[in-house]
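Protein chains in written order, with my numbering: chain A, 75 to 187; chain H, 436 to 549.
Now the structure itself:
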């Protein structure tokens with residue numbers, strides 16, 4: 075079946091450091107790819123998405139590019155802030171109309187001031 | 436819009452008791468999803484509905500779990516009888532229509548079965 079693999083955390087960075095969280099996927103066909111963020115005590119929020127190969131999703135300074143050749147969708151941010159501390163989930167869509175989301179295990183990000 | 440609303444936020448119950456989790460999706464959304472989040476298994480899709488009809492319940496772990504959506508603005512997830520291994524955070528999410536990609540999640544219900 076389809077699956078998503080994320081780098082293990084926690085990832086601990088100083089404020090203004092560069093962030094990369096790796097995500098690779100295994101899927102049949104061409105799923106849409108997503109990054110969701112979960113702040114403490116909250117539900118998941120969509121951070122960015124890409125629906126086809128070579129698309130770049132971006133939001134709030136975060137970026138990720140859909141790489142079909144490497145089956146990857148790595149999340150990057152040039153300068154993290156303390157407020158970015160959260161759990162980040164990579165996900166893909168599968169099934170009819172892409173209704174089902176398959177999530178990675180999540181990566182905890184801690185940013186220190 | 437207030438977003439997806441779940442209740443209760445926290446539930447502590449004894450093994451063997453019935454537990455009912457509730458969800459109010461965003462008005463106008465056609466799809467409703469129930470997810471379970473645990474440390475061991477991460478986020479798992481349990482069941483989803485389209486226009487109040489259950490479409491895929493293949494993720495429901497056992498017959499002890501059941502879900503209903505009696506109308507477009509309300510859904511329940513019931514566990515009867517509950518067991519300690521059911522302890523998890525249960526999320527409800529809704530989505531507007533087929534072809535849209537973004538699902539909106541509620542804040543979750545943290546269930547502890549002792």
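We put the CB at the ideal spot given by N, CA and C, even for glycine. No experiment lies behind these values; they were computed from the predicted model shown.
Indicate, with yes or no, if the ligand PLP has a heavy atom lying under 7 Å from the CB of residue i.
i             : result
residue 437/H : In the structure shown, the ligand PLP is absent, as is every other ligand, since no ligand is present at all.
Helix, strand or coil, according to DSSP, for residue i in the structure here?
i             : result
residue 479/H : strand
residue 143/A : coil
residue 158/A : helix
residue 471/H : strand
residue 520/H : helix
residue 131/A : strand
residue 453/H : coil
residue 446/H : strand
residue 168/A : strand
residue 515/H : coil
residue 493/H : coil
residue 84/A  : coil
residue 528/H : strand
Please list, in chain order, the chain H residues whose beta carbon lies closer than 7 Å to that of residue i.
i             : result
residue 173/A : 466, 483
Since I believe residue j is in contact with residue i (beta carbons under 8 Å), could you give me their beta-carbon distance rounded to a whole number of angstroms?
i             : j             : result
residue 77/A  : residue 100/A : 5 Å
residue 510/H : residue 484/H : 7 Å
residue 524/H : residue 499/H : Not quite, the Cβ-Cβ distance comes to about 18 Å (not below 8 Å), so this is no contact.
Using a C-beta to C-beta distance shorter than 8 Å, which residues of chain H count as neighbours of residue i?
i             : result
residue 179/A : 477
residue 159/A : Near residue 159/A there are no residues of chain H at all, since even the closest Cβ is about 18 Å away, more than 8 Å.
Which residue's Cα is closest to the Cα of residue i: the options?
i             : options                    : result
residue 112/A : 167/A, 185/A, 172/A, 159/A : 159/A
residue 528/H : 454/H, 444/H, 459/H        : 459/H
residue 175/A : 470/H, 448/H, 446/H, 457/H : 470/H
residue 125/A : 85/A, 116/A, 109/A, 186/A  : 109/A
residue 437/H : 533/H, 519/H, 508/H        : 508/H
residue 513/H : 522/H, 520/H, 503/H, 519/H : 503/H
residue 451/H : 532/H, 535/H, 519/H, 543/H : 519/H
residue 166/A : 89/A, 105/A, 86/A          : 105/A
Closer than 7 Å by beta-carbon distance: list the chain A residues that pair up with residue i, in chain order.
i             : result
residue 543/H : 117
residue 456/H : Those do not exist, as residue 456/H stays about 14 Å from chain A at its closest Cβ, beyond 7 Å.
- Listed in chain order, which residues of the segment 113-147 of chain A have Cβ atoms closer than 9 Å to some Cβ of chain H? 115, 116, 117, 118, 119, 120, 123, 125
- Selection of the segment 101-113 of chain A by Cβ proximity to chain H, strictly under 9 Å: 106, 108, 110, 112
- Message: Taking beta-carbon pairs under 7 Å, can you tell me which members of the segment 528-542 of chain H lie near chain A?
- Response: 533, 534, 536, 537, 538, 540, 541, 542
- What are the residues of the segment 492-512 of chain H that lie near chain A, defined by any Cβ-Cβ distance shorter than 7 Å? none
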